[in-house]
Structure formats: C-alpha cells, structure tokens
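**Student:**
2 protein chains.
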Amino acid sequence: MRIVLDAMGGDYAPAEVVKGAVAAAKDENLTVVLVGDQAKVGLELKKYPKKSNIETVHASEDIAMSEHPVEAVRVKKDASINVCMRLLKEGKADAVVSAGNTGAVMASALFGLGRMKGIERPAICSVFPTVKGHTVLLDIGANADCRPSHLVQFAYMGKAYIEKVIGVENPRVGLLNIGEEDEKGCELTATANKMLRLERANGLNFTGNVEGKDVLENVVDVLVCDGFVGNVVLKFGEGMVFSLTKLIRQNLSFLGWLGLLFMLGSLFKIKNRIDYKKYGGAPLLGVNGVVIITHGRAKAETIKNSITAAAKAVKQNLIETIRQVKTVENLVD
Amino acid sequence: MRIVLDAMGGDYAPAEVVKGAVAAAKDENLTVVLVGDQAKVGLELKKYPKKSNIETVHASEDIAMSEHPVEAVRVKKDASINVCMRLLKEGKADAVVSAGNTGAVMASALFGLGRMKGIERPAICSVFPTVKGHTVLLDIGANADCRPSHLVQFAYMGKAYIEKVIGVENPRVGLLNIGEEDEKGCELTATANKMLRLERANGLNFTGNVEGKDVLENVVDVLVCDGFVGNVVLKFGEGMVFSLTKLIRQNLSFLGWLGLLFMLGSLFKIKNRIDYKKYGGAPLLGVNGVVIITHGRAKAETIKNSITAAAKAVKQNLIETIRQVKTVENLVD
Numbered sequence: 001m002r003i004v005l006d007a008m009g010g011d012y013a014p015a016e017v018v019k020g021a022v023a024a025a026k027d028e029n030l031t032v033v034l035v036g037d038q039a040k041v042g043l044e045l046k047k048y049p050k051k052s053n054i055e056t057v058h059a060s061e062d063i064a065m066s067e068h069p070v071e072a073v074r075v076k077k078d079a080s081i082n083v084c085m086r087l088l089k090e091g092k093a094d095a096v097v098s099a100g101n102t103g104a105v106m107a108s109a110l111f112g113l114g115r116m117k118g119i120e121r122p123a124i125c126s127v128f129p130t131v132k133g134h135t136v137l138l139d140i141g142a143n144a145d146c147r148p149s150h151l152v153q154f155a156y157m158g159k160a161y162i163e164k165v166i167g168v169e170n171p172r173v174g175l176l177n178i179g180e181e182d183e184k185g186c187e188l189t190a191t192a193n194k195m196l197r198l199e200r201a202n203g204l205n206f207t208g209n210v211e212g213k214d215v216l217e218n219v220v221d222v223l224v225c226d227g228f229v230g231n232v233v234l235k236f237g238e239g240m241v242f243s244l245t246k247l248i249r250q251n252l253s254f255l256g257w258l259g260l261l262f263m264l265g266s267l268f269k270i271k272n273r274i275d276y277k278k279y280g281g282a283p284l285l286g287v288n289g290v291v292i293i294t295h296g297r298a299k300a301e302t303i304k305n306s307i308t309a310a311a312k313a314v315k316q317n318l319i320e321t322i323r324q325v326k327t328v329e330n331l332v333d
Numbered sequence: 001m002r003i004v005l006d007a008m009g010g011d012y013a014p015a016e017v018v019k020g021a022v023a024a025a026k027d028e029n030l031t032v033v034l035v036g037d038q039a040k041v042g043l044e045l046k047k048y049p050k051k052s053n054i055e056t057v058h059a060s061e062d063i064a065m066s067e068h069p070v071e072a073v074r075v076k077k078d079a080s081i082n083v084c085m086r087l088l089k090e091g092k093a094d095a096v097v098s099a100g101n102t103g104a105v106m107a108s109a110l111f112g113l114g115r116m117k118g119i120e121r122p123a124i125c126s127v128f129p130t131v132k133g134h135t136v137l138l139d140i141g142a143n144a145d146c147r148p149s150h151l152v153q154f155a156y157m158g159k160a161y162i163e164k165v166i167g168v169e170n171p172r173v174g175l176l177n178i179g180e181e182d183e184k185g186c187e188l189t190a191t192a193n194k195m196l197r198l199e200r201a202n203g204l205n206f207t208g209n210v211e212g213k214d215v216l217e218n219v220v221d222v223l224v225c226d227g228f229v230g231n232v233v234l235k236f237g238e239g240m241v242f243s244l245t246k247l248i249r250q251n252l253s254f255l256g257w258l259g260l261l262f263m264l265g266s267l268f269k270i271k272n273r274i275d276y277k278k279y280g281g282a283p284l285l286g287v288n289g290v291v292i293i294t295h296g297r298a299k300a301e302t303i304k305n306s307i308t309a310a311a312k313a314v315k316q317n318l319i320e321t322i323r324q325v326k327t328v329e330n331l332v333d
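These protein sequences, in sequence, are chains A and Y.
Residue 1 is where the first sequence starts when you use UniProt numbering, and the numbers rise one by one after that.
Residue 1 is where the second sequence starts when you use UniProt numbering, and the numbers rise one by one after that.
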C-alpha cells in the first residue's frame, strides 16, 4: 500500500513530516511517498538510515497556512498538495495525508479527486476522546451552511468511518441539538431530525438529539452538525482546556503546587488519553479517495498515527463502503 | 424598589426561593414580592423572622419544568410567572426574577410585557467568567434561527447590560465565528460582520470575529451569536467541566488523590470564581421590563444574587438605555 504525504504541509514541515514518515515506514507493508521540494526533503531524509519503502516525488511549489486556499490551489498547479492528489487520482497511491492549510487540502481534494456520487458536501470529521471510547463529530468546518440532507449524508459517512477504521459495530448516531425532544432546535436540526428518524428503516441507528452537555459523555458514536457549530464546539473545547489550565496556574498556592506535583502521574495518564496527537487526524469524507487532514501543529508522532489511520481506511475499503450507501444517493433529490 | 419573585419557579421552589428572598430583603431599600401559592409560601416564610419588606401575592397555578411553555402560559392565566409579569406591567413592581421553565418565562414576558420597539427578537444573555473579568454571551437559546439584524440588536443590548449592570466602559463587542477574518463564517455571520462594522460609526466598539478557542480568554466583553450556537457552547462548557472531573476521578492514583487533597484550597478558590451561583442569572433583554431568568437548580444564594442584579438593572435604567439606542430601531427596516 502506498500513502502519499504532503511533505511541505504543517507548521513543522518538512522536518517533522519526514520524521513521521520514517516512523510509519517501519511497517514494511507500507510505502510512504514524500511529496515536496526535493532538496529540502532530501536533506531531512539524510538524517535517517536509507529505507527502500520511502520514496520522494518533487513538487516545485507549496501553499502557506496564510494563503487563500481555493485561489492558491488553482494558481499553484505544482503545489505539493496538488501533486499528492494527482498521484492518488492516477492510481499511483492509495491515500493522502497532509498537515497543511485545511482549506487548501479540501479544495485540492475537490478539484483533484471530485465529490463522491451521492454526496452533496464532503465533510471533515473529528475523532475525539470521551469519558469512555471515542465519538466522531462531523462536520467540523468544511461546510458553514448546511441543508438537512447534508447532515443525513454526514451521518452515513461518519458511521462508515467509525465502523471501518475505529471498529465500532452498529454505531449510535446522534444529532447535535439544543433540546432532547425530536421537534426541538433550529429549522435545520428540526428537519434533519425527521429525516434521520426515517433512515432508521434503512439501518441507521439514529438515537436522537444530543445536547451540548452530553457531547463528551459518549452517549453516541457519531455526532452530526453543521460545520459552523462543529468548528465552534471543537475550538471552544480546545480553548477551554487552555483557559482552565491558565486559571489553575494563576490561582495555585504553595500547597496547591505541591499537590499538583503529586497528581502529575495521574494527569499525565489523562493527558495521554485525551491528547489529539494519539489520534489519526481528521478524515475528509465524501471525496473519491482516502484523505486525512492532520493538525497544523502536528509533529512526527501525529503524522505517523495519521498514516496508520489512512492505511487502515484503505485496507477496510472505507471509500467503497461509503459508495455503497444507497440511501445517501437517494437523498440528493 | 420592588422586585417580584416567582416563588414557584425552579427545582427547589418554594423553599430556596423564599430563603433567597429573605436574604435579599436584608437590603431595606428593596421590597421583595413573593408570587405563588399563598399557603406554601406562607409556610416557608414562617421559618424566618417577619420582615416588613417581604410581601406575598397569591397565584393559584404554576408551570412545571416539563410543560410546553407557550401552551402553559396561554392556558394557565393565573400561573405565578403570569402574575409576576402582570404586576410589572401594571407598574406595581420594577423587575421580575424567576428560576422557572425558561421557555415559560420568555413566553410570559413576551405576552405580558411585549417586545421593545426596535427589537425584533428578545435574547437571553449569559454572564460568564473568563480568565480575567466577565464576558456576556447572547443569545443563549431564545432564538434558534436568527437574521443578521438580530445579532446587531443583541450587540447593543449586551453592551447596555454590561455597561449598566456590570460596569464595563465602552465594552468590546465580538461576533462568534469560525475564522478571524471579516469575510469568514456562514451566511449569517458574514453578513452580521458587515453590519456590525458599519455600527462602529454609531459608537459600537466592534472588534471583529472571535473564534471558539478565545471565548474564555476575555478578548471581548460582549459576544454575540445565534441562540442555537450560544446554547450548544454554554451547555458544552458545563458538560466539559463535568466530564473532565469524572475523567480525573476515574484516573487518580493514591498519590494523585493525596495531591488533589493538597490542591483543594486552590481549586475551591477557582470554583468560587467560575461558579454560576455567584452571578445574577441570565437577563432576558428586549422586553419592556427587567426580567432575570436564573438557573433551574438555583438555591438561595443564586436567587439573592439575581435579585441584586435585577435591582441594579432597575437603578441603572437598563431598559431606557436599550430604548435609546436609535440604531437598533433603524435596523428593523
């Protein structure tokens, strides 16, 4: 299996991306293809013993985090992310992993691979830890404005991902909403709830609305919402951990610091459990190919885990599974 | 000044509501009017020394947390919350405080007091602690679907509240969004951003978009969003504290527990700082009168703080301030 890696994407590219590739290449069933500036990538690769299952492909341009995604993807034909998508499209690779500009990865995937038949809007999916197990939340930012049918398609794509890549059977699917009763919410969620209930007849294990307070309580395996709400919630969660930590630091007495020292072991265990670095990035679902977007601040460990997730998605036929959901197709009309 | 209190509203009514009223009545400039079942309220009042600035008004009905709000408010003419609004409308009181069914308080205020001229949609406003100071977030659930003009009105109402009741001068106003650049977001926020920028000429200190990660960082004093997003974020925040606490409890070693013991003092200080009980409830802004909705689980301390906030809003002419925002009126067209 061949996984293409955007060697120029992310805050720590190419050094950490190459390091992650080397770590992933320990699995000899994988071939990792590093796409980017040949000279820079080569320089990084020299730091490690030569491996036959690491290849490089030259790309003369790259897209910065600050660039306008769609514009940059159109103009820079030879940007590393565009070259990655071309390799995937031409069958020279099985999956793409990038820590680059999210919008650019999305635009490049849309232009290069195209939307899947039956999917109106591809969605970015976040796998996050809860009090037990994981929940996948989608969309987390690809679509700021959604129609109810989009949310139903997100449900099926999320279900396919968690079944195939994380291995949860008959996953419970919920709709993020502001009340538990079916008719609650805004126009979008009230209609989406109705449509999702109808999908129960097609085997979707839709368990109903999920309120904000229960997002981390593992009441469902797949949680759907529009990309605006998903993005706000995800970033609010990240920000809250940061702000709470700051608040604790500002308010600790001497005894408090001592206590914290004693707690470090346990806290480290928890940090390990909820650390995004452990997870394989955010899959972009609904395009014709396995594409994993990882955190812009991804270091080698995260890159390696994203490659592993991508490989698993390929092995488990994720794309075919999503394609075979007949209902998703029907929903477009 | 006369504050009417819905003695039957909330999970701990009437006992805790009456206790809170007694605590608030220590301020002899206040008269607290308890509205509810005369017999039940009387029984509670007997537990405390008689006070001349606590009065009671009988209401033969009340609305349960589980009832359909609009329906219940229409049918139960003599529900305690309806009687409260009547007293305010007739000038027999200056403000209403209730810990009851949020939807019912809102419906009762709309029917009983009416919307302010120039305000299309009243909004519920949450005052929450940040790493330093407070931010008011609105709307947190009154309007699941909003138009851009609503968000501009929320901005002016939030500004009036934080200026008058919390005492922040020239408050910074932000728009909750999924990117910092002006043109980012969904249709609603992209247009609202444009409108809010135009309001700078009218003295609104609009500082731009605020991402989810910065909500608790005190980058603004007033943060506007539609009621769907506001409600999800608020409940997610509450839920996250709960889930993190659970996660810590599940993962503490013996040493960890010991450390936690040492930290208790500091943590208690932080809890005190971020505890919603300390805050004066959530004002319902945009109706013709001061109405404060407090948490359904409010106990005496919260009730007392809500009465104090209501008194301050009356004293500071909150309603007149909102009425005088000419721009808000112009926005309706």
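In this text, a Cβ means the ideal position worked out from N, Cα and C, and glycines have one as well.
Predicted model, so just to flag it, every value in this text is computed and none were measured.
(1) Where does A/MET172 land, buried or exposed, given buried means 16+ other C-beta within 10 angstroms?
(2) Would you list, in chain order, the members of the stretch 112 to 139 of chain A that have their beta-carbon closer than 8 angstroms to a beta-carbon of chain Y?
(3) For the alpha helix (DSSP H) containing Y/VAL70, name the first residue and the last one.
(4) Should A/GLY179 and Y/PHE236 be called a contact, given that it needs their Cβ atoms to be closer than 8 angstroms?
(5) Just the C-alpha distance for A/ASP221 and Y/ASP62, rounded to the nearest angstrom, thanks.
(6) For Y/LEU318, which of helix, strand or coil comes out of DSSP?
(7) For A/ALA313, I'd like the list of residues in its chain whose CB is within less than 6 angstroms of its CB, leaving aside the five on either flank, ordered along the chain.
(8) Counting Cβ pairs, one atom from each stretch, are 3 or more of them under 8 angstroms apart for the stretch 203 to 210 of chain Y and the stretch 201 to 209 of chain A?
(9) For A/CYS186, which of Y/ALA190, Y/LYS159, Y/ILE140, Y/LEU198 has the nearest alpha-carbon?
(10) I'd like the span of the alpha helix (DSSP H) that includes A/THR130, first residue to last.
(11) Can you confirm whether Y/GLU71, when its beta carbon is compared against all beta carbons of chain A, has any partner nearer than 8 angstroms?
(12) How many Å lie between Y/VAL18 and Y/LEU88 at the Cα?
(13) Can you list, in chain order, the residues of the stretch 137 to 165 of chain A whose Cβ is nearer than 7 angstroms to any Cβ on chain Y?
(14) Helix, strand or coil: how does DSSP classify A/HIS58 here?
(15) With distance defined between alpha-carbon atoms, name the residue in Y/ILE119, Y/ASN231, Y/LEU5, Y/GLY265 nearest to A/ASN251.
(16) Can you give the Cα-Cα distance for Y/ALA24 and A/LEU255, rounded to whole angstroms?
(17) Hey, is Y/VAL165 close to the ligand MN, as in C-beta under 7 angstroms from one of its heavy atoms?
(18) List the DSSP bridge partners of A/ALA79.
(19) Would you identify the three-state DSSP class for A/SER52, choosing helix, strand or coil?
(20) Since A/ALA155 is in the beta strand (DSSP E), which residue starts that stretch and which ends it?
(21) Please name the residue, chosen from A/ALA311, A/PRO122, A/VAL219, that lies closest to A/GLU105 on a Cα-to-Cα basis.
(22) Just how far apart, CA to CA, sit Y/MET8 and A/THR135?
(23) Chain A partners of Y/GLU211, CB-CB under 9 angstroms?
(24) Measure the C-alpha to C-alpha separation of A/LEU34 and A/SER80 and round it to an integer number of angstroms.
(25) State the DSSP-derived secondary structure class of Y/ARG197, mapped to helix, strand or coil.
(26) Can you find a C-beta in chain A that's less than 8 angstroms from the C-beta of Y/ASN101?
(27) Which residue from A/ALA39, A/LYS46, A/SER52 puts its Cα closest to that of A/HIS58?
(28) Taking A/GLU71 as the reference, which of A/GLY103, A/ASN177, A/ALA95 has the closest Cα?
(29) Of all Cβ atoms in chain Y, is any one closer than 8 angstroms to the Cβ of A/ASN193?
(30) Considering Cα atoms alone, identify which of Y/LYS26, Y/MET65, Y/GLU67, Y/HIS68 is closest to Y/PRO49.
(31) Taking CB distances under 8 angstroms as the criterion, tell me whether Y/ASP182 reaches chain A.
(32) Does DSSP put A/ASN288 in a helix, in a strand, or in coil?
(33) Would you say A/GLU67 faces chain Y, with C-beta separation under 8 angstroms as the test?
(34) What does DSSP give as the partner residue(s) for A/ASP214 in the beta ladder?
(35) Can you tell me whether A/ARG297 is buried or exposed, with buried defined as 16 or more other CB within 10 angstroms of its CB?
(36) For A/LYS304, count neighbouring C-beta atoms within 10 Å of its own C-beta (all shown protein chains included) and say buried if the count is 16 or more, exposed if not.
**Tutor:** Taking the coordinates as given:
(1) The residue given as residue 172 of chain A occupies position 172 in the first sequence. Reading the sequence as shown, one finds Arg at residue 172 of chain A and not Met. That one is buried.
(2) For the stretch 112 to 139 of chain A, the residues whose beta carbon sits under 8 angstroms from a beta carbon of chain Y are, in order, THR130, VAL131.
(3) Start at 1 with the first residue of the second sequence, and residue 70 of chain Y comes out as number 70. Counting along the chain, the alpha helix (DSSP H) containing Y/VAL70 begins and ends at 69 to 75.
(4) As a working mapping, residue 179 of chain A is identified with position 179 in the first sequence. As a working mapping, residue 236 of chain Y is identified with position 236 in the second sequence. No, they are not a contact pair.
(5) For the purposes of this step, residue 221 of chain A is identified with residue 221 of the first sequence, where counting begins at 1. For the purposes of this step, residue 62 of chain Y is identified with residue 62 of the second sequence, where counting begins at 1. Linking A/ASP221 to Y/ASP62 through their CA atoms gives a straight-line distance of about 39 angstroms.
(6) Within the second sequence, numbered from 1, the residue matching residue 318 of chain Y stands at position 318. If DSSP states are grouped into helix, strand and coil, Y/LEU318 belongs with the helices.
(7) Taking the first residue of the first sequence as 1, we reach residue 313 of chain A at position 313. Excluding residues within five positions, the ones whose Cβ falls inside 6 angstroms are VAL165, VAL290.
(8) no
(9) The count along the first sequence starts at 1 and reaches residue 186 of chain A at position 186. Of the listed residues, the one whose Cα sits closest to A/CYS186 is Y/ILE140.
(10) Here the question's residue 130 of chain A lines up with position 130 in the first sequence. No alpha helix (DSSP H) holds A/THR130; DSSP gives it neither H nor E.
(11) Taking the second sequence and counting its residues from 1, the one referred to as residue 71 of chain Y is at position 71. No, Y/GLU71 lies away from the interface with chain A (no Cβ there is under 8 angstroms from its Cβ).
(12) Taking the first residue of the second sequence as position 1, residue 18 of chain Y is located at position 18. Taking the first residue of the second sequence as position 1, residue 88 of chain Y is located at position 88. Per the coordinates, the alpha-carbon of Y/VAL18 lies some 19 angstroms from the alpha-carbon of Y/LEU88.
(13) With the criterion set as a beta carbon lying under 7 angstroms from some beta carbon of chain Y, the members of the stretch 137 to 165 of chain A are GLY141, ALA144, ASP145, in sequence order.
(14) Locating residue 58 of chain A in the first sequence gives position 58, counting from the first residue. Per DSSP, reduced to three states, the secondary structure at A/HIS58 is strand.
(15) Translated into positions along the first sequence, residue 251 of chain A becomes position 251. Nearest option by C-alpha distance: Y/GLY265.
(16) One-based indexing of the second sequence puts residue 24 of chain Y at position 24. One-based indexing of the first sequence puts residue 255 of chain A at position 255. Their backbone Cα atoms lie some 36 angstroms apart in a straight line.
(17) Ligands displayed in this structure: none; no statement on the ligand MN is therefore possible.
(18) Here residue 79 of chain A refers to the residue found at position 79 when the first sequence is read from its first residue. Paired residue(s): A/GLU61.
(19) Sequence index remark: in the first sequence, residue 52 of chain A carries index 52 (1-based). Looking at A/SER52 - three-state DSSP - the assignment turns out to be coil, as it is neither helix nor strand.
(20) For this step, residue 155 of chain A is matched to residue 155 along the first sequence. For A/ALA155, there is no enclosing beta strand (DSSP E); the enclosing alpha helix (DSSP H) has its first and last residue at 148 to 161.
(21) In the first sequence, counting from the first residue as 1, residue 105 of chain A sits at position 105. Sequence check: residue 105 of chain A is Val here, not Glu. Closest in C-alpha terms to A/VAL105, from the list A/ALA311, A/PRO122, A/VAL219, comes A/PRO122.
(22) One-based indexing of the second sequence puts residue 8 of chain Y at position 8. One-based indexing of the first sequence puts residue 135 of chain A at position 135. The alpha-carbon atoms of Y/MET8 and A/THR135 are separated by roughly 39 angstroms.
(23) For the purposes of this step, residue 211 of chain Y is taken as the residue at position 211 of the second sequence. Residues of chain A passing the Cβ test: ASN231, VAL232, LYS235, PHE236, GLY239.
(24) Residue mapping note: residue 34 of chain A aligns to position 34 of the first sequence, counting from 1. Residue mapping note: residue 80 of chain A aligns to position 80 of the first sequence, counting from 1. Between the alpha carbons of A/LEU34 and A/SER80 lies a distance of about 9 angstroms.
(25) Sequence index remark: in the second sequence, residue 197 of chain Y carries index 197 (1-based). Here Y/ARG197 sits in helix by DSSP.
(26) As a position in the second sequence, residue 101 of chain Y is number 101, starting the count at 1. No, Y/ASN101 lies away from the interface with chain A (no Cβ there is under 8 angstroms from its Cβ).
(27) Working through the first sequence from its first residue, we reach residue 58 of chain A at position 58. Checked all of A/ALA39, A/LYS46, A/SER52; the closest Cα to A/HIS58 is A/ALA39.
(28) Within the first sequence, the letter at position 71 stands for residue 71 of chain A. When each option's Cα is compared against that of A/GLU71, the closest is A/GLY103.
(29) By one-based count along the first sequence, residue 193 of chain A stands at place 193. Cβ-Cβ to chain Y under 8 angstroms: no for A/ASN193.
(30) Translated into the one-based positions of the second sequence, residue 49 of chain Y becomes position 49. Considering only alpha carbons, the answer is Y/LYS26.
(31) Residue numbering aside, residue 182 of chain Y sits at position 182 when the second sequence is read from its first letter. Closer than 8 angstroms: no.
(32) As a first step, residue 288 of chain A is located in the first sequence; it is residue number 288 there, counting from the start. Coil at A/ASN288, not helix or strand.
(33) For this step, residue 67 of chain A is matched to residue 67 along the first sequence. So, not an interface residue.
(34) Sequence index remark: in the first sequence, residue 214 of chain A carries index 214 (1-based). Answer is none; A/ASP214 lacks a bridge partner.
(35) Indexing the first sequence from 1 puts residue 297 of chain A at position 297. The residue is exposed, with fewer than 16 neighbouring Cβ atoms inside 10 Å.
(36) On the first sequence, residue 304 of chain A is found 304 positions in, with the first residue counted as 1. Buried: at least 16 other Cβ atoms inside 10 Å.
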